[in-house]
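Trainee: Basically our numbering = 1-based index in the sequence shown + 937.
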Amino acid sequence: MATFGNLSARLTDTFKNLRAKGKLSASDVDSTVREIRRALLEADVSLDVVKSFTGKVRERALGDEVNQALNPAQQVVQIVNEELVEILGGEQRRLQFAKNPPTIIMLAGLQGAGKTTLAGKLAKWLREQGHTPLLVACDLQRPNAVTQLGVVAEQAGVAIYAPEPGNGVGDPVKVAKNGVAEAKSKQYDFVIVDTAGRLGVDQELMQQAANIRKAIDPDEVLFVIDAMIGQDAVATAQAFQEGVDFTGVVLTKLDGDARGGAALSIRSVTGRPILFASTGEGLGDFEPFHPDRMASRILDLGDILTLIEQAQTAFDEEEARKVAEKIAKDEFTLDDFLGQMQQLRGAGSLKKMMGMLPGMGKMKEQLDNFDEREILRTEAIIQSMTKDERRDPKILNGSRRLRIARGSGMTVTDVNSLVQRFEQAAKMMKTVARGGVPQIPGMGPMPGMGGHGGKKKVQGKGKGAKRSGNPAKRAQQEAGIAAKQAEAPTGSGFGLGGGGAAAPSEEELAKLQQMLGKGLR
């Protein structure tokens, strides 16, 4: 969420100062609350909302729940997280369906907020949920608005009702009524009405929106607002609430670089829930709004649930099962590697997905410098190979690598790097498939976890480590030490694998036991 990037950075920096403290004094709490207040005000959050928020945080931070906590700093973060969730609406609120279809959704907002594109995103999302939406073009004022909605409808793969050409021609109230009738007659279960906007709030805009609402009696009136609008967001939201009385809010342009904190104020000021968020320019950059997940993103605590949901929509479960079987049998090829990358690219922006991981706010610069076109280059290299070369990279000699480099527009060094990364990735996945924990270069062994199958290794503490007098136990010690050495990092590119020899498997340890003639105890 680029919009909340600055706010997130300020808040996480504020909490850093608390981590070294075993107990928080009143002055510690006051200074933390002061920094939170500054961060929220700089992010354009409404002053009244900031006062209420920081007041609640201070009261709870000075209470017994922090004083008696084992880790006061984490407890303060938890309090801020809970209060952020409350500001953003508490629990998620879903769309309200009509008892008798179609469910009518009316979109309202200022010109430039992104209503027309949002109509297409919402329609596409509903279609993917198994519904049959109909877009109704009631923005007859803005030049080419009807044409734009037609293009968006085609991209989303949904139907559109647009009897009037627009550009100042036609009655939007009549079009809205006829659009609902069209949906009923052709059994569409959702109607999305795109209305006109203005550059600012005026009486004509409000009257037209009110007339459309009265004519079609919508089940939901969604107020579409630009998250980058600044402090004017609150005044605009209040004006639309009085003039149209919307039932929910949709935030657009959450991928922008503005401060965007005014979006945090809307729920508190209007009392209306935020239902959806638009996170990019593509029609697929659209998601239901979860207050708890958004609060976690702002505090750099990650959003694993949304990441999982996006991955589930992009990855084929049956295909994943087949790939897992190939990995287990050591039959994973560059063709499979290519398919996995293409599915990963289909899940959406890698930058956005990585940004949902906890703690990634600290790596903002690395994320900004990450080039997503690297996957396209990798695809070009693999697609320049023959079937035999993809199946068995070991046959890639110098002349073959030169041909592949020329065919993909890359260099031989790039080809060599890809083959090396593939071998390391295949080795890492094989380790995981066998129940082991892969060694990530530069990170050392995973604390508290065994190397393979959960078996603990007995390792010496140093050169003078005492060895067991039992031959079987001594063999186990030596096997553990050998495994640790084998898993030593080798600095593979992109951290995809250990690059060293794999540690002994359970089968190999069983053979060692048989050779010793005794079971390891």
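Think of the CB as a built atom: it goes at the ideal place given N, C-alpha and C, for glycine as much as any other residue.
1) Can at least three beta-carbon pairs, one atom from the region 981–997 and one from the region 1211–1218, be found at a separation below 8 Å?
2) Tell me whether the beta-carbon of Ile1129 lies closer than 8 Å to the beta-carbon of Ala1060.
3) From Ala1172 to Ala976, what does the alpha carbon distance come to, in whole angstroms?
4) Taking 8 Å as the CB-CB cut-off, is Tyr1098 touching chain B?
5) Could you check what DSSP says for Ile1129 in three-state terms: helix, strand or coil?
6) When you compare only the Cα positions, how much space is there between Phe1359 and Asn1018?
7) Which whole-angstrom value describes the C-beta separation of Val1352 and Leu1201, a residue pair presumed to lie in contact below a C-beta threshold of 8 Å?
8) Give me the residue from Ser962, Lys953, Gln1280 and Pro1109 with the minimum Cα distance to Phe1152.
9) What does DSSP give as the partner residues of Val1186 in its beta bridges?
10) Counting only runs that start and end within the region 1088–1132, where is the alpha helix (DSSP H) found for 4 or more residues in a row?
11) Check Val970 in the structure and name its three-state DSSP category.
12) Shortest alpha-carbon distance to Leu1339 belongs to which of Thr1348, Val1089 and Lys1331?
13) Please report how far the alpha carbon of Val1186 lies from the alpha carbon of Lys1324, in whole angstroms.
14) Classify Leu1072 as helix, strand or coil using the three-state DSSP reduction.
15) Tell me which residue opens and which closes the alpha helix (DSSP H) that Leu1339 is part of.
16) Checking 8 Å against the spacing of the C-beta atoms, do Leu1136 and Gly1103 come in under that value?
17) Identify whether Met1043 lies in helix, strand or coil by the three-state DSSP scheme.
18) Helix, strand or coil for Glu1224, going by three-state DSSP, please let me know.
19) For the alpha helix (DSSP H) that contains Asn1148, what are its first and last residues?
20) How close, in whole Å, do the beta carbons of Ala1045 and Phe1177 come, if the pair is a contact with beta carbons under 8 Å?
21) Expressed to the nearest angstrom, what Euclidean distance is found between the alpha-carbon atoms of Glu1035 and Pro1070?
22) What would DSSP say about Arg947, mapped onto helix, strand or coil?
23) Pro1330 by DSSP, collapsed to three states: which one?
24) With a threshold of 16 other CB atoms inside 10 Å of the CB of Ala1118, please say whether the residue is buried or exposed.
Mentor: Reading from the atomic positions:
1) no
2) Locating residue 1129 in the sequence shown gives position 192, where the first residue counts as 1. Locating residue 1060 in the sequence shown gives position 123, where the first residue counts as 1. Yes. Within cutoff.
3) Translated into positions along the sequence shown, residue 1172 becomes position 235. Translated into positions along the sequence shown, residue 976 becomes position 39. Taken atom to atom, the span from the alpha-carbon of Ala1172 to that of Ala976 is near 21 Å.
4) Given the protein chain composition of this structure (a single chain), no chain B is represented.
5) Within the sequence shown, residue 1129 is the residue found at index 192, counting from 1. Strand, per DSSP.
6) One-based indexing of the sequence shown puts residue 1359 at position 422. One-based indexing of the sequence shown puts residue 1018 at position 81. Spanning the two alpha carbons is a distance of roughly 40 Å.
7) Mapped onto the sequence shown, residue 1352 falls at position 415. Mapped onto the sequence shown, residue 1201 falls at position 264. Rounded, the Cβ-Cβ distance is 49 Å, inconsistent with contact.
8) The residue labelled residue 1152 in the question sits at position 215 within the sequence shown. Note that residue 1152 is Ala in the sequence shown, not Phe. Selected option, being the one with the closest Cα: Pro1109.
9) Position 249 of the sequence shown, counting from 1, holds the residue named residue 1186. Looking at the DSSP assignment, Val1186 forms a beta bridge with Phe1160 and Ile1211.
10) 1109–1122
11) Mapped onto the sequence shown, residue 970 falls at position 33. Correct three-state label for Val970: helix.
12) As a position in the sequence shown, residue 1339 is number 402, starting the count at 1. The candidate whose alpha carbon is nearest that of Leu1339 is Thr1348.
13) For the purposes of this step, residue 1186 is taken as residue 249 along the sequence shown, with counting starting at 1. For the purposes of this step, residue 1324 is taken as residue 387 along the sequence shown, with counting starting at 1. C-alpha separation (whole angstroms): 52 Å.
14) For the purposes of this step, residue 1072 is taken as residue 135 along the sequence shown, with counting starting at 1. The answer is strand: DSSP assigns Leu1072 an E or B state.
15) Here residue 1339 corresponds to residue number 402 of the sequence shown, with the count starting at 1. Gly1335 to Ser1345 is the span of the alpha helix (DSSP H), which, as asked, contains Leu1339.
16) Locating residue 1136 in the sequence shown gives position 199, counting from the first residue. Locating residue 1103 in the sequence shown gives position 166, counting from the first residue. Cβ distance not < 8 Å, so Leu1136 and Gly1103 don't count as in contact.
17) Mapped onto the sequence shown, residue 1043 falls at position 106. Here Met1043 sits in strand by DSSP.
18) Start at 1 with the first residue of the sequence shown, and residue 1224 comes out as number 287. Glu1224 falls in the strand class under three-state DSSP.
19) Sequence index remark: in the sequence shown, residue 1148 carries index 211 (1-based). Asn1148 -> alpha helix (DSSP H) spans Gln1140 to Ile1153.
20) Here the question's residue 1045 lines up with position 108 in the sequence shown. Here the question's residue 1177 lines up with position 240 in the sequence shown. About 6 Å separates the two Cβ atoms, so the contact holds.
21) On the sequence shown, residue 1035 is found 98 positions in, with the first residue counted as 1. On the sequence shown, residue 1070 is found 133 positions in, with the first residue counted as 1. It should be pointed out that residue 1035 corresponds to Ala in this sequence rather than to Glu. Rounded to whole angstroms, Ala1035 and Pro1070 show a C-alpha spacing of 13 Å.
22) Residue numbering aside, residue 947 sits at position 10 when the sequence shown is read from its first letter. If DSSP states are grouped into helix, strand and coil, Arg947 belongs with the helices.
23) Translated into the one-based positions of the sequence shown, residue 1330 becomes position 393. Looking at Pro1330 - three-state DSSP - the assignment turns out to be helix.
24) Within the sequence shown, numbered from 1, the residue matching residue 1118 stands at position 181. It counts as exposed.
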